[in-house]
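Going down the list, the sequences are from chains A and B. If you count by this note's numbering, then the first sequence holds residues -11 to 289, one letter each, in order. If you count by this note's numbering, then the second sequence holds residues -11 to 289, one letter each, in order.
Protein chains: 2
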Amino acid sequence: MKATLVGLGSMGFGMAESLLRGGVELSGCDLDEAVLKKLAALGGQPLSSPADTAADTEALIVVVVNSAQVEKVLFGERGAAAQLKKGAVIMVCSTVSPAFATSCAERVEALGLHYLDAPISGGAVKAAEGAISVMASGTATAFSRARPVLDIVAETVHELGDAAGPGSAYKMINQLLAGVHIAAAAEAMSFGIKNGLDPDKLYEVITGAAGNSWMFENRVPRILSGDYAPHSAVEIFVKDLDIVLGTGRDQRFPLPIAAAANQLFTMAASAGMGELDDSAVAKVYEQLSDIELPQKNADEL
Amino acid sequence: MKATLVGLGSMGFGMAESLLRGGVELSGCDLDEAVLKKLAALGGQPLSSPADTAADTEALIVVVVNSAQVEKVLFGERGAAAQLKKGAVIMVCSTVSPAFATSCAERVEALGLHYLDAPISGGAVKAAEGAISVMASGTATAFSRARPVLDIVAETVHELGDAAGPGSAYKMINQLLAGVHIAAAAEAMSFGIKNGLDPDKLYEVITGAAGNSWMFENRVPRILSGDYAPHSAVEIFVKDLDIVLGTGRDQRFPLPIAAAANQLFTMAASAGMGELDDSAVAKVYEQLSDIELPQKNADEL
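In structure tokens, the structure reads:
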């Protein structure tokens, strides 16, 4: 199979590794020259722009950050959509609004191409293992054309509907919860420290109690180690919660909990922490009070 | 061992069952005559007021709803503290503020009694199985006097400090997270339904994804079945988040996420749902929009 993957960030590169290992003839495109070299070293073909995608590419996999980038990759001046032969599938893995996914699919389908609305989760490690989760929706043809890719990159493929939109909607709900849970974890750890509790003990107690969440368990160790090197950046949740809130606003649907979390991520970004790990929202509480969060061990600095 | 348990609600009664099964000579006190009869049927001794606690009682276990009730049970006109002999232990399992626990312990210790700050979690079923979790702090003597009770009722005893206060502080942080996670679960399910998603499928996708929480997994089935018979009522989280926010206010510590969740529970209580299950906060979104939450199956009505 011949495929192109655009967006070789942490998850995108992991997926590229899996696809190459799975025998896919893979081209890749990214603005970062260094990752293109890494791709070439693994046997992939680096492209200097999406428009260089070969006409006989069967699947275009888009793993860029946001809808503006998806738009540019597909329909921009050096975009890929116009290069593809009829019948090819475009699989968009980026987190975008359901409304964007729907309109993007219409434009893609008007070109005789197929569109799989396919947001992903799992992180870089699972991507490299071929073990991500995909929340997918699209026509039966879109699914069948994307199946060889899905079989290689995913452990779980949720089939969520026969048109674009639901895939992104399920992902949007997941991001609502994930963002709120990170914000709550940061608030809880900071408030516990304010109340004199031992942060490590607090993590132990909560992870064994009803207050636990997947995000608490996953992100709090970063707060405990004081290491805010980005796995997933604060800016990602500014964006993803903006998708949530923008969709709710258009629907006149109230989202008071997501709005509070969005404000916390915005505060962190405002304080210059947008590119730090999303767990750095805890530092908003540190900046606004007399608490001290755990410091990174001097040996590791 | 001779003990008295005050507050035979769902968890209190479960603990009483465990204690009787464990061979404790147990008296019990509650405003509800029906549960006193149930206690008597199991071999417990019903008391008509805390003041009827026998002088040779070694442990007084308080499982009432809030600090006003704890105050009344211990120091009210018909309170128990004055009846106990020096050296007895009072184990307060209610969720109260750390400041209340500290001042209550001082008053108890001034009477020559011991105080274990011992909030609990786990629910009625685990209580009846002797498998609750206790977040406990207190002097070594308070722990040793309470040990026979702890050994019978608890699966996990977190030992969190050598004075009253930390036990309640750890519980407070747990309740912050639990309350936010219930509110987020309600908002997420409601917004998913607004966006046309299948609620059962949404539960399946989220419980297998990074948006999951202990509370999402535990409470959403109640939304899916439309059954809001109270396991734990909306009013409990109005109270518990008030403890969180009151403590934060006294410390001038910002808690924007907990505040948003508290408002959602307050909205539900304002709409007359205070005595429904806490998962009924989802009905706030239903009341404010055109969504329909799942209805209770007609066969079950």
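Beta carbons are placed, not taken as given, at the ideal position from N, Cα and C, and that holds for glycine. Just so you know, these numbers come straight off a predicted model, no measurement behind them.
Along the length of the segment 107 to 140 of chain B, whole beta strand (DSSP E) runs at least 3 residues long occupy 120 to 124, reported in chain order. Taking C-alpha positions only, A/Phe241 is separated from B/Glu274 by approximately 10 angstroms. Sorting B/Phe88, B/Ala151 and B/Leu185 by C-alpha distance to the C-alpha of B/Leu104 places B/Ala151 at the top. If the five residues before and after B/Ser109 are omitted, its C-beta is found closer than 6 angstroms to the C-beta atoms of Ser121, all from its own chain and listed in chain order.
It is roughly 12 angstroms from the alpha-carbon of B/Asp186 to the alpha-carbon of A/Gly155.
Across the segment 151 to 177 of chain B, CB contacts with chain A closer than 7 angstroms involve Pro154, Ala157, Tyr158, Ile161, Asn162, Leu164, Leu165, Ala166, Val168, His169, Ala171, Ala172, Glu175 and Ala176, in sequence order along the chain.
Counting only runs of at least 4 residues, the segment 171 to 238 of chain B fully encloses the following alpha helix (DSSP H) elements, listed from N- to C-terminal order: 187 to 195, 202 to 213 and 222 to 238. Flagged as an interface residue toward chain B: A/Thr144, by a C-beta distance shorter than 8 angstroms. A/Ile224 and B/Ser(-2) have their C-alpha atoms spaced approximately 43 angstroms apart.
Annotated as distal: A/Ala198 and A/Val222, with beta-carbon spacing of 8 angstroms or more. Cβ contact annotation for A/Val61 (same chain, cutoff 7 angstroms, sequence separation greater than five): Val(-6), Pro38, Val50, Val52, Gly67 and Ala68, in chain order.
With respect to the 8 angstroms criterion, B/Lys182 and B/Ser277 are classified as neighbours on the basis of their beta carbons. Taking one beta carbon from each stretch, the segment 132 to 140 of chain B and the segment 207 to 219 of chain A have fewer than 3 pairs nearer than 8 angstroms; the two do not touch. In this structure, B/Ser132 sits away from B/Ser85, with a CB-CB distance that is not shorter than 8 angstroms. For A/Lys114, no CB of chain B lies under 8 angstroms from its own CB, so it is not counted at the interface with that chain. DSSP, reduced to helix, strand and coil, places A/Leu48 within a strand of the structure shown.
The beta carbon of A/Ile245 falls within 8 angstroms of a beta carbon belonging to chain B, placing the residue at that interface.
Counting the other Cβ atoms within 10 Å of the Cβ of A/Leu19 gives fewer than 16, which makes it exposed. Scanning its chain for C-beta atoms nearer than 7 angstroms, with the 5 sequence neighbours on each side dropped, one finds around B/Ala270 the residues Ala174, Met177, Ser178, Ile211 and Leu281, in chain order. Take A/Thr195, set aside five residues on each side of it, and the residues of its chain with a beta-carbon closer than 6 angstroms to its own are Glu205, in chain order. If you compare the alpha carbons of A/Leu48, A/Asp215, A/Thr90 and A/Ala248 with that of A/Ala70, the shortest gap goes to A/Leu48. Between B/Leu27 and B/Ala4, the beta carbon gap of about 6 angstroms places them in contact (Cβ cut-off 8 angstroms). Proximity of A/Gly180 to chain B, defined by a Cβ-Cβ separation below 8 angstroms, is satisfied.
Under DSSP, A/Pro34 takes part in a beta bridge, and its partners are A/Gly16. The beta carbon of B/Ala116 is closer than 6 angstroms to those of Gly2 and Glu5 in its chain, skipping five residues each way along the sequence. For B/Pro187, the closest Cβ of chain A is not nearer than 8 angstroms. When Cβ-Cβ separations below 8 angstroms define contact, B/Gly199 makes contact with chain A. Taking every protein chain shown into account, the CB of A/Ala93 has 16 or more other CB atoms within 10 angstroms, so this residue is buried. Scanning B/Leu(-4), B/Ser220 and B/Gly149 for the CA closest to the CA of B/Leu24 turns up B/Leu(-4). At a cut-off of 8 angstroms between beta carbons, A/Ser121 contacts chain B. For A/Val84, the secondary structure class from DSSP, reduced to helix, strand or coil, is coil. Around A/Gln283, the same chain offers Gly214 as residues with beta carbons nearer than 8 angstroms, after the five sequence neighbours per side are excluded. Residue contact with chain B for A/Asn183: present (Cβ-Cβ distance below 8 angstroms to some residue of chain B). Cβ-Cβ distances below 8 angstroms link B/Gly32 to Ala4, Leu8, Leu14, Ser15 and Gly16 in the same chain, with the five nearest sequence neighbours on each side left out; the list follows chain order. B/Leu229 is positioned such that its CB atom lies closer than 8 angstroms to that of B/Gly167.
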